[in-house]
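Residue numbers (my numbering): 11 to 403.
Just so it is clear, CB atoms sit at the ideal spot from N, CA and C, and this is done for glycine as well.
What you are looking at is a predicted structure, and each value in this text was computed from that prediction instead of being measured.
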């Protein structure tokens with residue numbers, strides 16, 4: 011249980027303090043010591059609060075979703091039937107590495123787990139730096155005792171069925187061909203099937219060096235799975251849908267992912283992508299399409315948007331890697347710092363899918379100053395690196 015040590019210590023200090031007869035001088039000293047102890051424990055208590063809705067800032071310490079990996083993502087060790095090659099066409103990138111509390115180097119990756127209602131939720135985790143990071147990411151999605159234990163506290167669950175093994179991964183020219191044993195087919199519903207494929211595709215395409223995924227079972231790429239999910243070709247974020255009642259996007263149809271807020275256990279909040287189908291639009295027209303989608307109701311009570319009703323995007327443009335957005339005054343119709351943070355985060359996560367964008371330039375009726383609760387929009391906002399970060403044991 012979190013904070014158990016602090017609670018017990020407070021009780022012990024309070025008990026001992028109340029049972030001691032103090033002289034005036036010693037009493038003052040004891041009270042001072044007790045005050046310092048309680049102050050330290052209070053700071054410790056606050057610092058242990060788990061992440062929910064983060065403060066949106068102009069610079070984000072988390073990096074980009076799975077895309078700051080080095081060529082290690084291409085150097086997966088192979089199973090009995092897989093091969094691995096490094097493609098010269100795949101760009102290298104800097105590696106996001108930090109020192110863990112035990113002195114070991116770690117790196118951040120974003121994986122897609124499901125909650126108790128079956129929503130796929132992206133979660134950023136710290137794992138040990140290693141070769142074959144793509145294989146490690148997929149192994150983190152498999153239902154086993156270790157993964158379940160690590161996720162249970164957060165109300166999340168692995169997506170891939172028990173007993174599933176990765177026989178091999180071949181990454182060539184941006185396409186990750188991943189071969190599983192037959193246990194990946196041990197599921198009993200269409201929703202489970204959709205979640206398995208969506209989780210795989212969204213997790214792996216979170217790496218900068220992977221643009222698409224091909225799924226094999228015992229070395230064979232099936233045309234479809236048992237609940238009719240088409241896996242015959244290369245799957246990517248442009249042709250599959252997440253957290254909807256279907257998965258395969260029809261030809262000639264466009265899609266966008268809109269991020270809502272999902273309330274988890276213990277008052278913990280998660281940002282959740284939901285795909286919507288729409289007409290195909292040009293890259294520069296996608297911001298308007300996304301904001302129009304925010305004007306709709308999420309469709310159920312499990313998800314919510316804090317973007318105020320009546321918010322309209324009056325103008326947008328792309329200048330280099332900066333997306334400029336101009337809103338009407340309705341976007342300011344909210345109350346509280348948490349709402350302000352969430353509104354900015356929802357917009358930033360949704361705009362990340364627009365190609366070539368790294369920064370956001372927000373204006374309200376042409377003005378760039380501060381939002382009502384203090385967020386500085388006079389400068390460009392760097393798109394958030396990761397999402398729904400959790401603390402590792």
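Under three-state DSSP, which class holds residue i?
i           : result
residue 397 : coil
residue 402 : coil
residue 247 : coil
residue 341 : helix
residue 240 : strand
residue 180 : strand
residue 293 : helix
residue 191 : coil
residue 276 : helix
residue 377 : strand
residue 333 : strand
residue 386 : strand
residue 315 : coil
residue 197 : coil
residue 235 : coil
Note the first and the last residue of the continuous beta strand (DSSP E) segment covering residue i.
i           : result
residue 200 : Looking at the DSSP string, residue 200 is not in any beta strand (DSSP E); the run it does join, the alpha helix (DSSP H), is 200-214.
residue 120 : 115-125
residue 373 : 369-374
residue 136 : 130-138
residue 347 : It is not in any beta strand (DSSP E) - residue 347 instead sits in the alpha helix (DSSP H) that spans 347-361.
residue 329 : 323-329
residue 144 : Element bounds for residue 144: not the beta strand (DSSP E) but the alpha helix (DSSP H), 143-149.
residue 288 : 279-288
residue 365 : Here residue 365 belongs to no beta strand (DSSP E), and DSSP marks it neither H nor E.
residue 226 : 222-227
Assign residue i to one of two classes, buried (16 or more other C-beta atoms within 10 Å of its C-beta) or exposed (fewer than that).
i           : result
residue 277 : exposed
residue 196 : exposed
residue 397 : buried
residue 131 : buried
residue 360 : buried
residue 388 : exposed
residue 247 : buried
residue 338 : exposed
residue 138 : exposed
residue 310 : exposed
residue 292 : exposed
residue 266 : buried
residue 307 : exposed
residue 180 : buried
residue 162 : exposed
residue 118 : buried
residue 372 : buried
residue 326 : buried
I need the straight-line Cα distance from residue i to residue j, nearest angstrom please.
i           : j           : result
residue 89  : residue 114 : With a pLDDT of only 34 at residue 89, under the threshold of 50, the placement of this residue in the model should not be trusted, and no figure is reported.
residue 312 : residue 322 : 24 Å
residue 232 : residue 128 : 25 Å
residue 148 : residue 121 : 8 Å
residue 331 : residue 236 : 42 Å
residue 239 : residue 380 : 47 Å
residue 251 : residue 159 : 29 Å
residue 173 : residue 154 : 8 Å
residue 170 : residue 194 : 7 Å
residue 269 : residue 208 : 16 Å
residue 186 : residue 218 : 12 Å
residue 221 : residue 124 : 23 Å
residue 290 : residue 303 : 14 Å
residue 228 : residue 253 : 28 Å
residue 374 : residue 336 : 6 Å
residue 274 : residue 352 : 15 Å
residue 67  : residue 399 : Bear in mind that a pLDDT of 37 at residue 67, under 50, signals an unreliable position, so the number given afterwards is only what the model happens to contain. Going by the C-alpha atoms only, they are around 16 Å apart.
residue 230 : residue 314 : 41 Å
residue 243 : residue 249 : 10 Å
residue 215 : residue 144 : 10 Å
residue 261 : residue 345 : 42 Å
Does the beta-carbon distance from residue i to residue j come in below 7 Å?
i           : j           : result
residue 383 : residue 347 : yes
residue 245 : residue 211 : yes
residue 367 : residue 391 : no
residue 263 : residue 241 : no
residue 349 : residue 316 : yes
residue 341 : residue 296 : no
residue 287 : residue 328 : no
residue 402 : residue 156 : no
residue 168 : residue 188 : no
Starting from residue i, trace the alpha helix (DSSP H) both ways and give me its first and last residue.
i           : result
residue 303 : 296-304
residue 269 : Unbroken run through residue 269 is the beta strand (DSSP E), 264-273; no alpha helix (DSSP H).
residue 161 : 155-162
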